[in-house]
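*Asks:* Could you have a look at this structure, given as structure tokens, before my questions?
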Amino acid sequence: MTALLSIEGVTRRFGGLTAIDDVTASLRHHELVGLIGPNGAGKTTLFNLISGFTPLSAGAIYFKGRRIDRLKPFDIAHLGVGRTFQNLRIFPNMSVFDNVSVGAIGAQGVGVVSTLLRRRGPAEAISEQTWAALRAVGLEAQATELAANLSYGRRKYLEIARALALDPELLILDEPAAGLNDTETQGLADFIRRLHKGGLSILLVEHDMKLVMSICQRVVVLASGRKIADAPPAVVKADPAVLEAYLGVET
Ligand SMILES: Nc1ncnc2c1ncn2[C@@H]1O[C@H](COP(=O)(O)OP(=O)(O)OP(=O)(O)O)[C@@H](O)[C@H]1O
Ligand SMILES: [Mg+2]
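For the sequence shown, counting from 1, position 250 maps to 250 in the numbering used here; every step adds exactly one.
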């Protein structure tokens, strides 16, 4: 069976620094995979490589068997890869609805919603996909409010809604729980689980270990740009190389 996402021998250098060092990893259809590692391990860089925001120095990336590492971010997004950013990219002076519809514009989605909407006109499809995404994150009632008026926690869902408006097959989330309290993090865990159950494949970067270990089927660990572990949560938790990577930077 071919992987949904396949990262093959990928390297990214920034001058003399090798941020991603010969990483090979994959994600199957409908898998929920965590990507963890100490600060500066290369997690966001790997996301930027997958989504086309950063070019590779070496290696190749395939999505559904198609090579994507030379495509533009917009094209990768429209093939079905939705992403969020570690630093929220919300337009504060735009409405919640407009923030999300930015994600749906031009979308030739490949998931369930797009298939249902295919026969309708583009404007209608954008509006339907936007509402579907707002519904999915529970922001329907705030659709006409300015994004600036949302709480920080709600803004995180807004950013996820924008990625969902593309009706992606693969969702990559960069630290969605950062800045959330325990209750909000628990709510987010339930939400990510629901998205996964609904059919999405998900790659999750998170510092909150409890969150990652409780919802992910498999965890990939990066340290200094190298993949040092790739196994189910229970195995990764007990892996001496992982413990050392974390202890090494926390002291
Ligand atoms: N555009 C860039 N130019 C130069 N160096 C960069 C660039 N982007 C990332 N780096 C470097 O690459 C390394 C990996 O950074 P990256 O942001 O991918 O780490 P991370 O695992 O996401 O860390 P964090 O947990 O802090 O978000 C770091 O040393 C960082 O300084
Ligand atoms: Mg990061």
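For each residue, glycine too, the CB sits at the ideal point set by N, CA and C.
Give the secondary structure of I192 by DSSP, where H, G and I count as helix, E and B as strand, and everything else as coil.
*Replies:* Translated into positions along the sequence shown, residue 192 becomes position 192. Residue state, collapsed to three classes: helix.
*Asks:* Go ahead and label E175 buried or exposed: buried means 16 or more other beta carbons lie within 10 angstroms of its beta carbon, across all protein chains shown.
*Replies:* Here residue 175 corresponds to residue number 175 of the sequence shown, with the count starting at 1. So E175 counts as buried.
*Asks:* Do you know offhand how far A132's Cα is from I68's?
*Replies:* In the sequence shown, counting from the first residue as 1, residue 132 sits at position 132. In the sequence shown, counting from the first residue as 1, residue 68 sits at position 68. Between A132 and I68, the C-alpha separation is close to 27 Å.
*Asks:* Tell me the DSSP secondary structure of F97 in three-state form.
*Replies:* To locate residue 97, count along the sequence shown from 1; it is residue 97. Of the three classes helix, strand and coil, the one that applies to F97 here is helix, per DSSP.
*Asks:* Evaluate S151 with the Cβ neighbour count: other Cβ atoms within 10 Å of its Cβ, from every protein chain shown; 16 or more gives buried, anything less gives exposed.
*Replies:* For the purposes of this step, residue 151 is identified with residue 151 of the sequence shown, where counting begins at 1. By the neighbour-count rule (16 or more Cβ atoms within 10 Å), S151 is not buried but exposed.
*Asks:* Could you give the distance in angstroms between the alpha-carbon of I215 and the alpha-carbon of L32?
*Replies:* As a first step, residue 215 must be located in the sequence shown, where it is residue number 215. As a first step, residue 32 must be located in the sequence shown, where it is residue number 32. Whole-angstrom Cα-Cα distance: 8 Å.
*Asks:* If you scan the region 117 to 153 from start to end, which runs of the alpha helix (DSSP H) of 4 or more residues do you find wholly inside it?
*Replies:* With a minimum length of 4 residues, the continuous alpha helix (DSSP H) runs that stay inside the region 117 to 153 are 122 to 137.
*Asks:* Taking only the alpha-carbon atoms, compute the straight-line gap between V205 and T45 and give it to the nearest angstrom.
*Replies:* Locating residue 205 in the sequence shown gives position 205, counting from the first residue. Locating residue 45 in the sequence shown gives position 45, counting from the first residue. Straight-line Cα distance between these residues: approximately 11 Å.
*Asks:* Alpha carbon to alpha carbon, how far is E145 from T130? Give it in angstroms, no decimals.
*Replies:* Position 130 of the sequence shown holds residue 130. Position 145 of the sequence shown holds residue 145. Answer to the nearest angstrom: the Cα atoms are 15 Å apart.
*Asks:* Can V219 and G34 be called in contact, C-beta distance under 8 Å?
*Replies:* As a position in the sequence shown, residue 219 is number 219, starting the count at 1. As a position in the sequence shown, residue 34 is number 34, starting the count at 1. Contact flag set, yes.
*Asks:* Which two residues bound the contiguous alpha helix (DSSP H) that contains T44?
*Replies:* By 1-based counting over the sequence shown, the position of residue 44 is 44. Its alpha helix (DSSP H) spans residues 43 to 50.
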